[in-house]
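*Asks:*
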Amino acid sequence: MATTPETLQALLAELSDLQPTTDPAALAAESRDYFWYSPILDEQLGDKRGELIVRPRTEAEVMRVAAAVAKHSVPLTIRGGGTGNYGQCVPLEGGVILDITGLNRVIEIEPGKVRCEAGILISALERAVKATGQALLMYPSTRDIATIGGFISGGYAGVGSIRHGILKDTGNVSLIRVVTVEAQPRVIELRDADIQKVHHAFGTNGIITELEVALAPAVAWLHHIMLFDSYAQCTAFGVACSKPEMDLFLLTSVDERFAQFYEVFGDRFPRGKHAMFAMVNPAVKADYEALGVAHGGAVSLCADDAELHALGLPPAYECAYNHTTLMALKVDRTYTYLQIAYPMPFDPQLVEKQMARYGDELFMHHEFSQQFGGYVVFALPLVQYFDRVRLYEIIAEFEADGCMVFDPHVYTIEDGGMKQIDHAQIDFKRLADPRGLMNPGKTRGWNAP
Ligand SMILES: Cc1cc2nc3c(=O)[nH]c(=O)nc-3n(C[C@H](O)[C@H](O)[C@H](O)COP(=O)(O)OP(=O)(O)OC[C@H]3O[C@@H](n4cnc5c(N)ncnc54)[C@H](O)[C@@H]3O)c2cc1C
């Protein structure tokens, strides 16, 4: 479905007041995301390019772009911060890239919720709500460069999930407003349970222009590290902390071999020690540390935002989720990673068994979280990449252990986390994108009419 030169010229003319560009350098940069974490995706997606970029600043301008692509039957890929890991905003079939970051206004902040445009950076949104004494319930570790709309469309959970669950949990996102891709685009507002029709749909069924997310009273979280002699002690401490009275915003364990990628912490995370990174409510600091000591831990850092800044150290949330993989890849690009959910109740001994099985082929990293009202443990282990066959052997072994693997080496929704076709999302796509122009190739559930 490559766009003809005539169609491209027509689009450039029709959208000229929005200053569309066909600059090759811009197209190369905005056709990529963080798919390069996967050598498999890097090979498959590295040469994919959009053909025109347009940057609307209002919903009315978004509707003009939607109408133009529908009129000319051109593929449309929406781009927020471009920090997705599975090529979510890579235009597989060329066409128009709609950069949504111009829609960046906060619309209304009320007690317990904020309504905003989809292209606002999460860190800017967090600053705005902080001014009212409130805070976002969760964010990815990429909050400084990712948009809130991209998080809802491509993300799953993040920093804050141990306190508030995952994005999909009831009440965390209460409204999504989308523009349809049709000759005469419409605006549809989805509320409460209906937002699931669009959440995590990789921009395949409507252009999100506005949304509303829940807020909680702000807490001055302490960035915290505890060190342990064994990884089993560290994860057992994680299990012991997984209870409501231990008020945490983040709880991330990494095995001692990550220390080589975290040199900035010096003796606060030396080789030979396994680390628990956390964001701790000052009100429970004493209980948290006592429990850690009871599990064999020792405190190596406890700092508020200002102290951390003075020490020149990164925040705890940049030592968590996929930022941990990034820290490693900055040093050594021969690693890749997996995304795993452990069977519950979580058993640290299973992790020990897996660590013995893989030796230096795999470094352990766990995220303690909540979802659907219960505590869960995810892992993002770092894997020394050999080849595709070996990677899928490892995946099969984790599955044989009872773990669920959310494959980060594929680019369709179903092959990664979803595992099955979400028919409610596909039904909504029939309304919002009847011609199948949005991010084509990313959902196996769609058969173009
Ligand atoms: C270092 C690192 C750490 C990460 N940590 C986390 C984490 O903790 N939790 C997590 O869930 N993810 C994480 N991610 C993945 C990603 O950063 C987040 O999901 C992020 O919120 C995506 O936002 P973005 O603006 O970059 O979206 P993009 O990458 O630009 O887009 C993501 C998807 O959403 C679609 N999209 C974007 N905006 C819209 C819109 N307005 N309407 C419709 N569709 C849209 C795009 O087409 C694409 O399919 C991480 C990634 C990296 C590289």
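Residues in the sequence shown are numbered consecutively from 2, following the numbering used here. Glycine included, C-beta positions come from ideal geometry on N, C-alpha and C.
May I ask whether a heavy atom of ligand 1 can be found less than 7 Å away from the beta carbon of residue 253?
*Replies:* No, the beta carbon of residue 253 sits no closer than 7 Å to any heavy atom of ligand 1.
*Asks:* Any heavy atom of ligand 1 closer than 7 Å to the Cβ of residue 315?
*Replies:* No - ligand 1 has no heavy atom lying nearer than 7 Å to the Cβ of residue 315.
*Asks:* The alpha helix (DSSP H) spanning residue 429 covers which residue range?
*Replies:* Taken as a continuous stretch (DSSP letters only), the alpha helix (DSSP H) holding residue 429 covers 424-433.
*Asks:* Given a cut-off of 8 Å on the beta-carbon distance, is the pair residue 210 and residue 119 in contact?
*Replies:* In contact: residue 210 and residue 119 (Cβ atoms closer than 8 Å).
*Asks:* Buried or exposed: residue 54, going by 16 or more other Cβ atoms within 10 Å of its Cβ?
*Replies:* It is buried - the Cβ of residue 54 has at least 16 other Cβ atoms within 10 Å.
*Asks:* Let me know the secondary structure DSSP gives residue 386 once reduced to three states.
*Replies:* The answer is coil: DSSP assigns residue 386 none of H, G, I, E or B.
*Asks:* Can you tell me which residues form a DSSP beta bridge with residue 303?
*Replies:* Beta-bridge pairing links residue 303 to 225.
*Asks:* Checking 8 Å against the spacing of the C-beta atoms, do residue 297 and residue 234 come in under that value?
*Replies:* Cβ atoms of residue 297 and residue 234: closer than 8 Å.
*Asks:* Could you name each continuous alpha helix (DSSP H) segment of 4 residues or more that falls completely within the stretch 220-298, going from the start of the chain to the end?
*Replies:* With a minimum length of 4 residues, the continuous alpha helix (DSSP H) runs that stay inside the stretch 220-298 are 232-242 and 286-295.
*Asks:* Taking 7 Å as the cut-off, is the CB of residue 337 close to at least one heavy atom of ligand 1?
*Replies:* Result no, Cβ not under 7 Å from ligand 1.
*Asks:* So which of 199, 260 and 167 has the shortest CA-CA distance to residue 181?
*Replies:* It is 199 whose Cα lies nearest to the Cα of residue 181.
*Asks:* Just to confirm, does residue 282 get its C-beta within under 7 Å of one of the non-hydrogen atoms of ligand 1?
*Replies:* Not so, every heavy atom of ligand 1 lies at least 7 Å from the Cβ.
*Asks:* Please determine, among 74, 278, 434 and 136, the residue with the shortest C-alpha to C-alpha distance to residue 304.
*Replies:* Of the listed residues, the one whose Cα sits closest to residue 304 is 278.
*Asks:* DSSP three-state label for residue 119, please.
*Replies:* In this structure, residue 119 counts as coil in the three-state DSSP scheme.
*Asks:* Restricting to runs no shorter than 4 residues, where is the alpha helix (DSSP H) found entirely within the stretch 340-365?
*Replies:* For the stretch 340-365, whole alpha helix (DSSP H) runs of length 4 or above, ordered along the chain, are 349-359.
*Asks:* By alpha-carbon positions, which one of 172, 203, 208 and 320 ends up nearest to residue 193?
*Replies:* When each option's Cα is compared against that of residue 193, the closest is 172.
*Asks:* For the stretch 18-63, which segments carrying the beta strand (DSSP E) assignment without a break, of at least 3 residues, lie completely within its bounds, in sequence order?
*Replies:* The stretch 18-63 contains these whole beta strand (DSSP E) runs: 53-55.
*Asks:* What is the rounded straight-line gap between the Cα of residue 152 and the Cα of residue 273?
*Replies:* Their Cα atoms are separated by approximately 35 Å.
*Asks:* Kindly indicate which three-state DSSP category residue 100 falls into: helix, strand or coil?
*Replies:* Strand.
*Asks:* Assign residue 78 to buried or exposed, taking buried as 16 or more other Cβ atoms, counted over all protein chains shown, within 10 Å of its Cβ.
*Replies:* With 16 or more Cβ atoms within 10 Å of its Cβ, residue 78 is classed as buried.
*Asks:* Could you pull out every unbroken alpha helix (DSSP H) segment of at least 4 residues lying fully inside the stretch 128-160, listed in chain order?
*Replies:* Whole alpha helix (DSSP H) segments, 4+ residues: 149-155.
*Asks:* Figure out for me which residue from 202, 16, 381 and 71 has the closest Cα to the Cα of residue 428.
*Replies:* Nearest option by C-alpha distance: 202.
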